[in-house]
Amino acid sequence: MRYIWRVGWREFAENARTKGFWLGILLFPIILLVASTVPALLMAKGVSTRHFVLVDQDGAFAPAIRKALATRQANDLEEATRRMEPLPGPGGLAPRMPSTETNGPSKAPGAGHPSTARRPAWLEVPLPAGVDEKADVPTLESQLRPWLRGDRTLPPTTASPAPKLFAAIIIPRGLGQTNGVGPAIRYWGDNQADTSLRDALQRVVTDEIQSREYRALGVDPAIVAKVEARRAPVTELDPRKAEGSERVGMKDRIRQWAPSFFVYLLWVSIFAVSQMLLNSVIEEKSNRIIEVLLSSVTPHELMLGKLLGVMMTGGVMMLAWMGSIFGMALVAAILMPPTAPGGPGNIAADVTALLGSSWLLPAFGAYFVLGYIAYATVFLTVGSLCSTLKDAQNLMGPVMIVLMVPMFLMPFIPRDPNGPIATVTSWIPIYTPFVMMNRIAASPPWFDVVGTGALLVAFDVFVLWACGRIFRLAILRTGQPPRLIEMLKWIKGS
Amino acid sequence: MDGPALELDRVTKRYGDFTAVDGLSLKVPRGCIYGFLGPNGAGKTTTLRMILDILRPTSGTIRVLGAESALEVRGRIGYLPEEKGLYKKMKAWSVIAYFAGLKGMPRLEAKRRAHELLERYGLKDFAEARTEALSKGMGQKVQVLASIAHDPDLVILDEPFSGLDPVNQGVLEEIVQDLRARGRTVLFSTHVMQHAERLCDRLVIIARGRALFDGTVPEARRVVPRVVKIETEDDPGPLRQLAAVAGLQSTGPSRWQVTLAERADPQDVLRACFERSIRLRAFDAAEPSLHDVFMALVGPSAREATFR
Chain D
7 MRYIWRVGWR
17 EFAENARTKG
27 FWLGILLFPI
37 ILLVASTVPA
47 LLMAKGVSTR
57 HFVLVDQDGA
67 FAPAIRKALA
77 TRQANDLEEA
87 TRRMEPLPGP
97 GGLAPRMPST
107 ETNGPSKAPG
117 AGHPSTARRP
127 AWLEVPLPAG
137 VDEKADVPTL
147 ESQLRPWLRG
157 DRTLPPTTAS
167 PAPKLFAAII
177 IPRGLGQTNG
187 VGPAIRYWGD
197 NQADTSLRDA
207 LQRVVTDEIQ
217 SREYRALGVD
227 PAIVAKVEAR
237 RAPVTELDPR
247 KAEGSERVGM
257 KDRIRQWAPS
267 FFVYLLWVSI
277 FAVSQMLLNS
287 VIEEKSNRII
297 EVLLSSVTPH
307 ELMLGKLLGV
317 MMTGGVMMLA
327 WMGSIFGMAL
337 VAAILMPPTA
347 PGGPGNIAAD
357 VTALLGSSWL
367 LPAFGAYFVL
377 GYIAYATVFL
387 TVGSLCSTLK
397 DAQNLMGPVM
407 IVLMVPMFLM
417 PFIPRDPNGP
427 IATVTSWIPI
437 YTPFVMMNRI
447 AASPPWFDVV
457 GTGALLVAFD
467 VFVLWACGRI
477 FRLAILRTGQ
487 PPRLIEMLKW
497 IKGS
Chain B
882 MDGPALELDR
892 VTKRYGDFTA
902 VDGLSLKVPR
912 GCIYGFLGPN
922 GAGKTTTLRM
932 ILDILRPTSG
942 TIRVLGAESA
952 LEVRGRIGYL
962 PEEKGLYKKM
972 KAWSVIAYFA
982 GLKGMPRLEA
992 KRRAHELLER
1002 YGLKDFAEAR
1012 TEALSKGMGQ
1022 KVQVLASIAH
1032 DPDLVILDEP
1042 FSGLDPVNQG
1052 VLEEIVQDLR
1062 ARGRTVLFST
1072 HVMQHAERLC
1082 DRLVIIARGR
1092 ALFDGTVPEA
1102 RRVVPRVVKI
1112 ETEDDPGPLR
1122 QLAAVAGLQS
1132 TGPSRWQVTL
1142 AERADPQDVL
1152 RACFERSIRL
1162 RAFDAAEPSL
1172 HDVFMALVGP
1182 SAREATFR
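In order, the protein sequence lines correspond to chains D and B. Numbering-wise, the numbering used here comes out as the position in the first sequence, counting from 1, plus 6. Numbering-wise, the numbering used here comes out as the position in the second sequence, counting from 1, plus 881.
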């Protein structure tokens, strides 16, 4: 045991001295921080302002479009700012949020207060000189082409010194006048990826046409909007919870999805250490350090020591990650008091409470160790079979593909945690840690928990035994990796 | 515990059809320097690996320091493999301390010992250097030190001199002699006969997995017929009649090689030359070197092996 510990400790100490290890530890919280703050920041900062021209040949829609776009922009900005603060609570019976996509101009609440300090997402500019607003559509379009193609730029605006024309919107005569569709709005633009302006335009004009039709039918569009905003209230209840508190809240959702997060952690950490394991075995093998080691420890002690070392490496990485999540949740909980239910401050408090109290952590610990033994042993054996990193990477290909499967399964298992896919895959030992971790929130049958656990332990023992036999023989071998048949012979012990 | 440090009894190792070691038996007494000589591919490294229980013999038994397996007494054995390598990113002292630790030395003592050895054998300034920054010779010295850091009773060195410059070869010889002076047993393999000649108390010469000779250096010299080289303008023919002379060959103009009969004294030849008025320009009665012995014993088979 002492020898296993010494080998393991050196392995850990050496890994802890590599840049990759620290990068792995530090990068995770940084990514987490960036992922949770940057989208909001980006929304607030926005992409560069899109300049467009609007020609309404009837003049029937332009005022409504201008007003609606301005309102939408103001709302978007407000929304972006609000994301940084506690959200107003949805309460039990949620009225629709005022700025959801389906809002038309007439339904939008007061025009808000556009922040002049921020650049607008869209900015209407007057037609360039020489383009005749009164011309027919084909002429107008051919006149606009040089600007749309970017051959010519617009006169400077507040947003840009030489803006490019992002889009031209031409509303032909007769739109919306007859029942049915009528002529189409002509939206010109070379950026098909950013459809925000086009979508907004379509919604605005649609709403406007609908409002007019309602009015023509003698119906007040404001009443229609009010009626449309109604939603049937649904209260989610969970029979497993204590009587009187069955209502499903944010905490329960977190509880449902937290295991997925742990699965992801487990997966990433296995991936992260696999390279370290390969490197360390191959270094020992190619430098022939292995012989000195084998004169001091048995191959089994060496293998177990390396496993222990890599488990410590992965464990420390994992603890650091969890610590950083815990820490960030704690900081968030302190900085953002849980004023409203469902707010970030409250979520953070829920996460902290969940991690601190439930069986999630012990389960994760157990599956981490058992899963690690299986995968790390296989990586170690692959390393022992190869003399060069290149050989090893070739052999690792299939192992990696096998390891990808739980990632593909991850979105499906929480949705149907005791369904056939989940049940079947959890009985496959290499997937048990991932799938069972995912299922654990859904109180799977005891038979599954104990049965798959026992199978996984048995599988680990088998892997340790079989890989131990291969490792013992492979580790002194040089040159090409052996064939599969040969390896099977080694396992059988001939 | 007064038995031999190492005892091999009819040890054989086969890889499929190929027999690497063929019924090898030998005894290494305690406290001696034992040479393990043989041409390339003779089975030296395989034998050493079997002694260390890294490989299992196909048949035969090995007793190391009285134990069935070297792993039972691993703390008392030091090993330097033929192909040298170190952890590149580790510091010189920590490699030595790690290997000593694997032999059971407590951590702090191993660290102290590593620094002490590096200082004693002239590597003090490199103690904190990563091993990848060391020259090949220095790295090898570090590795030798790593193999003896735990003060083993039996030290097994596979080709320890290869790759070292003459100065460092001298340092290594010193290390080996220090070990003997403290009553340790050293077993080393080499194909450089001068080292073996200078250091070994006993030696074994193996070729194609079999022992061709096992004994002391003087005994080894007696294996090949002794020769006396003479230079003379006269005809040395009459020497053939002596009982002490087994043969006479010309090796060049006025040069002759007199092969002596077993246990004959070269002085008899010298006396006979005076008596027969053979005027000598040179008389060289040097003892045969280990090189001669080696060539005589394994020369033909080693050549054969090369062409195989």
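Beta carbons: idealized from backbone N, C-alpha and C, even for Gly. Just so we're clear, the structure is a prediction, and the values are computed from it rather than from any experiment.
When we look at the beta-carbon of residue i and count the other beta-carbons within 10 Å, is it buried (16 or more) or exposed?
{"i": "Gln1148 (chain B)", "result": "exposed"}
{"i": "Tyr896 (chain B)", "result": "exposed"}
{"i": "Ile410 (chain D)", "result": "The displayed chain sequence assigns Met, not Ile, to residue 410 (chain D). By the 10 Å Cβ count, Met410 (chain D) comes out exposed."}
{"i": "Ile296 (chain D)", "result": "buried"}
{"i": "Gly1090 (chain B)", "result": "buried"}
{"i": "Trp128 (chain D)", "result": "buried"}
{"i": "Gln1130 (chain B)", "result": "exposed"}
{"i": "Val233 (chain D)", "result": "exposed"}
{"i": "Asn28 (chain D)", "result": "The amino acid occupying residue 28 (chain D) in the given sequence is Trp; Asn does not appear at that position. By the 10 Å Cβ count, Trp28 (chain D) comes out exposed."}
{"i": "Ser148 (chain D)", "result": "exposed"}
{"i": "Arg1121 (chain B)", "result": "exposed"}
{"i": "Ile854 (chain B)", "result": "The structure shown does not extend to residue 854 (chain B), since chain B is modelled only from 882 to 1189, so the question has no answer here."}
{"i": "Gly182 (chain D)", "result": "buried"}
{"i": "Arg155 (chain D)", "result": "exposed"}
{"i": "Ala452 (chain D)", "result": "The sequence shown places Trp at residue 452 (chain D), not Ala. It is exposed - the Cβ of Trp452 (chain D) has fewer than 16 other Cβ atoms within 10 Å."}
{"i": "Trp273 (chain D)", "result": "buried"}
{"i": "His1172 (chain B)", "result": "exposed"}
{"i": "Gly5 (chain D)", "result": "Only positions 7 to 500 of chain D appear in this structure, which leaves residue 5 (chain D) out of reach."}
{"i": "Met7 (chain D)", "result": "exposed"}
{"i": "Ala901 (chain B)", "result": "buried"}
{"i": "Lys509 (chain D)", "result": "Any question about residue 509 (chain D) goes unanswered here, given that chain D covers just 7 to 500."}
{"i": "Gln1075 (chain B)", "result": "exposed"}
{"i": "Glu289 (chain D)", "result": "buried"}
{"i": "Val40 (chain D)", "result": "exposed"}
Whose CA, out of the options, lies closest to the CA of residue i?
{"i": "Pro1119 (chain B)", "options": "B:Thr900, B:Met986, B:Trp1137 and B:Gly941", "result": "B:Trp1137"}
{"i": "Asn921 (chain B)", "options": "B:Ala1088, B:Leu989 and B:Pro1169", "result": "B:Ala1088"}
{"i": "Ser503 (chain D)", "options": "D:Leu203, D:Ile36, D:Ile176 and D:Pro265", "result": "In the structure as shown, chain D begins at 7 and stops at 500. Residue 503 (chain D) is therefore absent and cannot be evaluated."}
{"i": "Gly459 (chain D)", "options": "D:Gly474, D:Thr319 and D:Phe370", "result": "D:Phe370"}
{"i": "Val1109 (chain B)", "options": "B:Gly1064, B:Thr1132 and B:Ser1028", "result": "B:Thr1132"}
{"i": "Trp263 (chain D)", "options": "D:Val441, D:Ala472, D:Phe468 and D:Gln63", "result": "D:Val441"}
{"i": "Ile260 (chain D)", "options": "D:Ser432, D:Gln63 and D:Asn444", "result": "D:Asn444"}
{"i": "Phe1164 (chain B)", "options": "B:Arg891, B:Phe1155, B:Ala1027 and B:Glu1000", "result": "B:Phe1155"}
{"i": "Ala973 (chain B)", "options": "B:Arg1065, B:Arg1011, B:Thr1113 and B:Asp934", "result": "B:Arg1011"}
{"i": "Leu1190 (chain B)", "options": "B:Leu1004, B:Asp1116 and B:Leu1178", "result": "Examination of residue 1190 (chain B) is not possible in this model, given that chain B is present from 882 through 1189 alone."}
{"i": "Lys170 (chain D)", "options": "D:Ile177, D:Ile419, D:Val287 and D:Arg151", "result": "D:Arg151"}
{"i": "Gly884 (chain B)", "options": "B:Pro1099, B:Glu953 and B:Pro910", "result": "B:Pro910"}
{"i": "Arg158 (chain D)", "options": "D:Leu300, D:Arg236, D:Glu219 and D:Ala135", "result": "D:Ala135"}
{"i": "Thr1113 (chain B)", "options": "B:Pro1134, B:Leu1093, B:Glu1078 and B:Ser950", "result": "B:Pro1134"}
Check whether the Cβ atoms of residue i and residue j sit closer than 8 Å, and answer yes or no.
{"i": "Ala1166 (chain B)", "j": "Ala1142 (chain B)", "result": "no"}
{"i": "Leu203 (chain D)", "j": "Ile71 (chain D)", "result": "no"}
{"i": "Leu160 (chain D)", "j": "Val131 (chain D)", "result": "yes"}
{"i": "Gln1024 (chain B)", "j": "Leu967 (chain B)", "result": "yes"}
{"i": "Asp244 (chain D)", "j": "Val230 (chain D)", "result": "no"}
{"i": "Met334 (chain D)", "j": "Phe477 (chain D)", "result": "no"}
{"i": "Arg23 (chain D)", "j": "Gly311 (chain D)", "result": "no"}
{"i": "Val1067 (chain B)", "j": "Ile958 (chain B)", "result": "no"}
{"i": "Gln79 (chain D)", "j": "Pro45 (chain D)", "result": "no"}
{"i": "Gly1018 (chain B)", "j": "Asp1046 (chain B)", "result": "yes"}
{"i": "Ile977 (chain B)", "j": "Leu1026 (chain B)", "result": "yes"}
{"i": "Leu271 (chain D)", "j": "Met324 (chain D)", "result": "yes"}
{"i": "Phe917 (chain B)", "j": "Val1085 (chain B)", "result": "yes"}
Any heavy atom of the ligand ADP closer than 7 Å to the beta-carbon of residue i?
{"i": "Arg78 (chain D)", "result": "Of the ligands one can find in the structure shown there are none, so the ligand ADP has no counterpart to examine."}
Completely contained alpha helix (DSSP H) runs for the stretch 239-312 of chain D, where each covers 4 or more residues: 256-292 and 295-302
Given 8 Å, three or more beta-carbon pairs between the stretch 18-33 of chain D and the stretch 323-343 of chain D: yes
Whole alpha helix (DSSP H) elements within the stretch 213-243 of chain D, 4-residue minimum: 227-234
Contiguous alpha helix (DSSP H) assignments of at least 4 residues, all confined to the stretch 389-460 of chain D: 395-415, 426-432 and 438-445
Entirely enclosed beta strand (DSSP E) segments - the stretch 1061-1148 of chain B, minimum 3 residues: 1066-1071, 1083-1088, 1091-1097, 1108-1113, 1126-1133 and 1136-1141
At least 3 beta-carbon pairs within less than 8 Å: the stretch 434-451 of chain D vs the stretch 376-387 of chain D: yes
Touching by the beta-carbon criterion (3+ pairs, under 8 Å), the stretch 924-940 of chain B and the stretch 950-965 of chain B: yes
Three-pair Cβ contact test at 8 Å for the stretch 983-994 of chain B versus the stretch 1030-1045 of chain B: yes
Cβ contact check for the stretch 210-218 of chain D and the stretch 59-74 of chain D: 3 or more pairs under 8 Å: yes
Three CB pairs or more closer than 8 Å across the stretch 933-944 of chain B and the stretch 886-894 of chain B: yes
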